[in-house]
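Chains as they are written, first to last, in the numbering used here: chain A, 218 to 929; chain B, 50 to 270.
Structure, as structure tokens:
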Amino acid sequence: MAVDDTTSQDRTASRDRAGSRGRSGEPVLGSPAARREGHAKVTGAARYAAEHTPPACVYGRPVPATVPHGSVTGIDDSEAMALPGALAVLTHENAPRLGEPDDPILALLQTPQVPHRGWYVALAVAETPETAREMAQAIRVDYAEEPHDVLLRADHPGLYHPEEANGGYPADQETGDFDAEYAAAPHQFDATYTLSPLHNHPMEPHAATAVWEGGHLIAYDSSQGATLVGTTLAALFGLEPAQVTVVSEHVGGGFGSKGTPRPQAVLAAMAALHTGRAVKVVLPRRELPGVVGHRAPTIQRLRLGTRDDGTLTALGHDVLTHTASFKEFVEQAAVPSRVMYGAVGIRTGHQVVPLDVPAPSWMRAPGEAPGMYALESAMDEVATALGIDPVELRLRNIPDREPDSGKPFSSHHLADCLREGARRFGWERRDPRPGTRRDGDLLLGTGVAAATYPVYVAPSTASVQVLGDGARPGYQVRVNATDIGTGARTVLAQIAAEELGVELDAVRVDIGSSDLPAASVAGGSSGTASWGWAVHKACRELRESGGSIVTVDTATDVRSQEDYARHAFGAVFAEVAVDTVTGEVRTRRLLGVFAAGRILNARTARSQFIGGMTMGLGMALTEQSTLDARLGGFVERDLAAYHVPAHADVPDIDAHWIEEHDPHLNPVGGKGIGEIGIVGTPAALANAVHHATGTRHRTLPLTPDRVGVSGG
Amino acid sequence: MIPQRTATSSTLTLHVNDTAHTVTVDHRATVLDVLREQLDLTGSKKGCDHGQCGACTVLLEGRRANSCLLLAVAHDGAHLTTVEGLGDAEEPHPLQRAFEERDAFQCGYCTPGQIVSGVGMLCEAAEGHPSHATPGEVLQRSTGEPAELSRAEIRERMSGNLCRCGAYPHIVAALEDASGHVGPRSGTAHPASGPASDRDSDRDSDRDSDRDSASDAAPAR
């Protein structure tokens with residue numbers, strides 16, 4: 218069953234139609250087609266949001282609050298406005314009034330309130346970026362400070378049970394009787410895992426360039442979904458959606474932090490309205506943690522009750538996390554424990570405390586990334602305690618149906634991922650005893666963890682039009698998808714070419730503008746499924762109707778899906794070397810095997826899996842953020858303090874996949890692959906560190922100061 | 050030419066990709082901002098503006114530099130190579146081709162910096178400069194022969210260029226592919242004569258002979 222992409226024999230066996238073939242005779246869909254924007258990206262020609270400079274464009278520089286909580290009592294901009302080239306200082310006193318936003322982070326410069334350090338209290342606008350920066354530093358802001366509280370702790374009196382966690386999941390859920398099952402279990406295991414906040418830090422800082430042309434607002438925005446930015450700006454500025462054009466043609470990564478509109482587009486549009494000029498706003502790197510969202514810290518208690526053979530009878534997963542005082546966002550870290558293992562009694566719950574902190578939001582695999590770190594660490598601890606192989610323990614606990622809902626899985630190949638990964642990794646040669654393999658000063662260890670990510674799909678619209686004459690027609694696909702590095706243009710062209718039965722280069726794909734047919738965000742690993750469904754439907758209708766243009770909407774199709782539990786699964790294997798002198802953990806090997814439906818582009822899929830695993834490596838070993846108890850805000854604000862993995866941290870990474878044919882997904886057959894790579898990797902590495910050293914840390918990242926192997 | 054100066058600005062010439070640009074720059078302006086905002090050369094990216102990410106990497110007189118840390122006013126007459134100057138529309142640089150072939154990028158924002166840094170790195174290695182990852186016995190020999198580029202060497206030498214999409218394994222593969230296509234800078238007669246910074250300090254007195262060095266660092270086609 219398990220086959221690599223390059224050796225697949227049955228890639229299109231389930232297709233009732235041959236589909237189109239490239240010049241090599243290979244099917245277009247699934248082939249490793251090169252990125253359409255590749256040349257533009259390697260030559261520097263691809264333009265990102267801040268690289269559009271309309272005539273007479275000027276520059277905005279935000280001013281972050283320097284107190285942890287309170288309100289602005291006065292702003293003196295006289296020194297700033299005296300600088301040559303100064304144009305305006307926008308504050309809550311003079312900035313354009315906005316409509317009430319759905320997301321409170323966008324209520325910018327509307328009130329004097331300061332909910333947290335880093336909240337924007339002013340925007341300087343000048344003829345040049347240098348002057349705007351000097352202005353921002355010259356603006357004097359007086360505050361009335363109020364007491365602040367930024368630290369999550371397990372006994373915080375402000376913790377409460379929310380109704381929902383992110384994603385619309387019920388915050389608390391119980392299947393069976395957890396307490397009774399846990400009390401009766403022959404083996405009880407109870408441990409708490411702690412994770413710090415984490416930052417997305419896409420390489421392109423959040424940026425927008427805005428210009429008003431008559432009553433029409435044009436914004437180039439670094440966003441994961443220009444349709445939503447467009448409708449949001451329209452609502453804020455009292456416009457019809459047709460009066461707003463948002464362009465997100467090339468986007469330098471987002472990882473969730475550009476998934477919904479963020480401050481830069483609103484600030485640029487306000488400043489452009491105020492000054493009558495085109496305005497460019499690039500948020501400085503050091504300010505991003507304060508204003509674009511972060512992964513909230515979690516304290517996760519896992520209680521597992523098992524029989525002698527390791528089968529789970531009780532699974533409890535209790536999550537404590539924080540949110541901002543002005544916005545409830547609950548990292549749904551306990552949700553994967555409703556999916557993974559078939560215990561009799563499962564209780565999962567979330568409590569959250571509002572603090573004077575920046576608003577948390579999506580970061581790659583919200584919920585699953587931290588939650589699976591805790592669950593899969595706990596599973597490893599159970600395996601060690603019971604003397605059961607960690608792969609075998611997971612195999613014994615794979616459920617027949619989704620434990621939480623009782624629904625059948627649309628497809629479920631976790632077992633294949635575990636077995637195929639174990640085979641490729643050479644797992645059967647593993648000596649399970651921890652702390653026994655030495656290579657000079659190094660201790661070596663291996664670890665495994667499972668991964669899961671839900672299948673999301675959202676309604677989208679798309680059109681396809683026949684171009685040119687009948688001899689060798691071309692096709693233009695239009696859909697407001699966003700390519701944040703996923704290869705969306707390319708895979709959508711593949712989907713269209715396959716359905717139309719034409720060669721790939723006969724299809725042109727226009728994405729990245731709100732003037733195109735509306736589409737969902739590039740988030741939740743849902744982009745290709747959502748946009749691809751619409752493109753597929755448009756192409757099919759065009760083919761069947763013989764017309765010249767078709768526009769479709771998948772809202773009805775998406776709503777009428779069959780009732781299945783849909784999840785991607787995976788298994789990650791890691792080998793580490795721990796330096797007994799320095800405590801440094803080095804990753805020697807990292808291997809992932811995933812089952813994520815049909816893989817639509819082998820080349821870009823591999824890159825996404827590897828990329829997700831790399832971010833998981835960062836979560837495990839290098840990335841950490843801290844709220845400053847005294848001053849508020851985050852301590853690690855830039856890339857010198859917040860350590861994203863660098864070249865030297867990352868070994869060769871192997872990513873493979875199971876050919877999975879799932880008829881219950883969408884016509885394209887993919888489950889989404891953008892996020893599952895980060896899930897599982899942190900626990901696999903942490904479990905490998907335990908195997909190497911014999912010490913269980915129950916927190917990340919595993920930096921030298923924590924690991925510091927004593928006694929060598 | 051004689052620079053024209055005011056208290057806050059100067060007029061000077063930057064040789065970018067073999068084209069001379071005479072620009073009036075704010076004394077606070079970085080080379081990166083002059084490239085991006087005044088010359089519309091937006092291939093060099095601003096990821097952090099603090100010399101922490103490498104997205105703004107250019108070749109300055111053939112050597113890698115973070116252009117966000119260079120004040121433009123201090124670089125009158127300097128020769129710069131940006132990603133736009135490595136190849137042309139018909140014939141990209143071999144490393145640019147290798148990045149496409151290896152899918153060595155996703156969002157593309159760090160990519161120009163990775164590629165320019167990679168060209169500079171391959172040139173440094175060809176000139177025999179060691180790195181932290183160079184084995185001790187090789188350092189002892191100190192022959193000035195081209196450095197053997199193991200993957201560990203490539204990773205060490207490229208660690209000033211961050212990639213959040215996690216394309217590192219493919220970037221390393223692309224650099225391996227292109228490693229035979231970049232040689233030492235011309236006129237580097239004694240490559241092991243000293244660290245790059247020593248020679249760079251002699252640049253002003255030696256500018257004419259270095260004039261073509263930036264483009265020489267990126268030939269190979």
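No residue lacks a Cβ here, since even glycine has one placed at the ideal position from N, Cα and C.
| Check | Outcome |
| --- | --- |
| I want to see whether chain A comes within less than 8 Å of M170 (chain B), judged by CB atoms only; does it? | no |
| Hey, out of A:L368, A:A273 and A:G493, whose CA is closest to P285 (chain A)'s CA? | A:L368 |
| So with CB distances below 9 Å, who are the chain A contacts of E133 (chain B)? | T260, G261 and A262 |
| Below 8 Å between beta carbons is the criterion; list the residues of the stretch 68-89 of chain B that meet it against any residue of chain A, in chain order. | D75, R77, A78, D82, R85, E86 and D89 |
| Report yes if the CB atom of P553 (chain A) is closer than 8 Å to the CB atom of L500 (chain A), and no otherwise. | no |
| Would you check if the distance between the CB atom of G473 (chain A) and the CB atom of G442 (chain A) is smaller than 8 Å? | no |
| In terms of alpha-carbon separation, which member of A:Q330, A:Q390, A:W336 and A:E381 lies closest to A361 (chain A)? | A:Q330 |
| Could you tell me which of A:D656, A:A513, A:A263 and A:R820 sits nearest to N383 (chain A), measuring between CA atoms? | A:A513 |
| Going along the chain, which unbroken runs of the beta strand (DSSP E) with 3 or more residues stay wholly within the stretch 244-288 of chain A? | 275-281 |
| Which class does L304 (chain A) belong to by DSSP, given the choice of helix, strand or coil? | strand |
| Any idea if T669 (chain A) is buried or exposed, counting beta-carbon neighbours within 10 angstroms, 16 or more meaning buried? | buried |
| P272 (chain A): buried (16+ other C-beta within 10 angstroms of its C-beta) or exposed? | exposed |
| So L529 (chain A) is in the beta strand (DSSP E); what residue range does that whole segment cover? | L529 to A541 |
| Could you tell me the distance, in whole angstroms, from the CA atom of K258 (chain A) to the CA atom of A267 (chain A)? | 15 Å |
| Note down, in chain order, every chain B residue with its Cβ under 7 Å from the Cβ of I701 (chain A). | C156 |
| So P734 (chain A) and V696 (chain A) are supposed to be a Cβ contact under 8 Å. How far apart are they, rounded? | 5 Å |
| How far does the beta strand (DSSP E) with I435 (chain A) in it reach, from first residue to last? | H433 to D438 |
| In chain B, which residues lie less than 8 Å from M832 (chain A) when you measure between Cβ atoms? | R213 and G215 |
| Does any residue of chain A have a CB that is nearer than 8 Å to the CB of T183 (chain B)? | no |
| Pick out whichever of B:L118, B:C159, B:G215 and B:E140 has its Cα sitting closest to the Cα of T821 (chain A). | B:G215 |
| Anything in chain A within Cβ reach of G204 (chain B), meaning under 9 Å, just list it in chain order. | The amino acid occupying residue 204 (chain B) in the given sequence is Arg; Gly does not appear at that position. Within chain A, the residues near R204 (chain B) are A863, H864, A865, D866, V867 and P868. |
| For a cutoff of 8 Å on Cβ pairs, would you count A104 (chain B) as touching chain A? | yes |
| Can you give, in chain order, each stretch of the beta strand (DSSP E) that sits fully within the stretch 806-878 of chain A and has at least 3 residues? | 870-874 |
| Work out the CA separation of G849 (chain A) and L572 (chain A) for me, nearest whole Å. | 10 Å |
| So if I threshold CB-CB distances at 9 Å, which residues from the stretch 328-361 of chain A count as touching chain B? | T345, P346, E347, T348, R350 and E351 |
| Enumerated in chain order, which unbroken segments of the beta strand (DSSP E) with a length of 3 residues or greater are wholly contained in the stretch 678-710 of chain A? | 678-684 and 691-695 |
| Which bits of chain B does V280 (chain A) rub up against, with CB to CB less than 8 Å? | What V280 (chain A) touches in chain B: nothing, since even the nearest Cβ is about 17 Å away. |
| Contact criterion: CB-CB distance below 8 Å. Does H178 (chain B) meet it with respect to chain A? | no |
| Under a Cβ-count criterion, where at least 16 other Cβ atoms within 10 Å of its own Cβ denotes burial, should V798 (chain A) be classed as buried or exposed? | exposed |
| Mind reading off the beta-carbon distance from K624 (chain A) to Y781 (chain A)? Whole number of angstroms is fine, and I expect it under 8 Å. | 6 Å |
| Which residues share a DSSP beta bridge with I356 (chain A)? | According to DSSP, which records beta bridges pairwise, I356 (chain A) is partnered with nothing at all. |
| Cα separation between V767 (chain A) and P676 (chain A)? | 17 Å |
| Do T492 (chain A) and H534 (chain A) have their C-beta atoms within less than 8 Å of each other? | no |
| Just verifying my parser: in three-state terms, what is the DSSP assignment at G239 (chain A)? | At G239 (chain A) the pLDDT is 48, less than 50, meaning the model places this residue with poor confidence; the figure from the coordinates comes in the next sentence. It is coil, neither helix nor strand. |
| For S166 (chain B), which three-state DSSP category applies? | helix |
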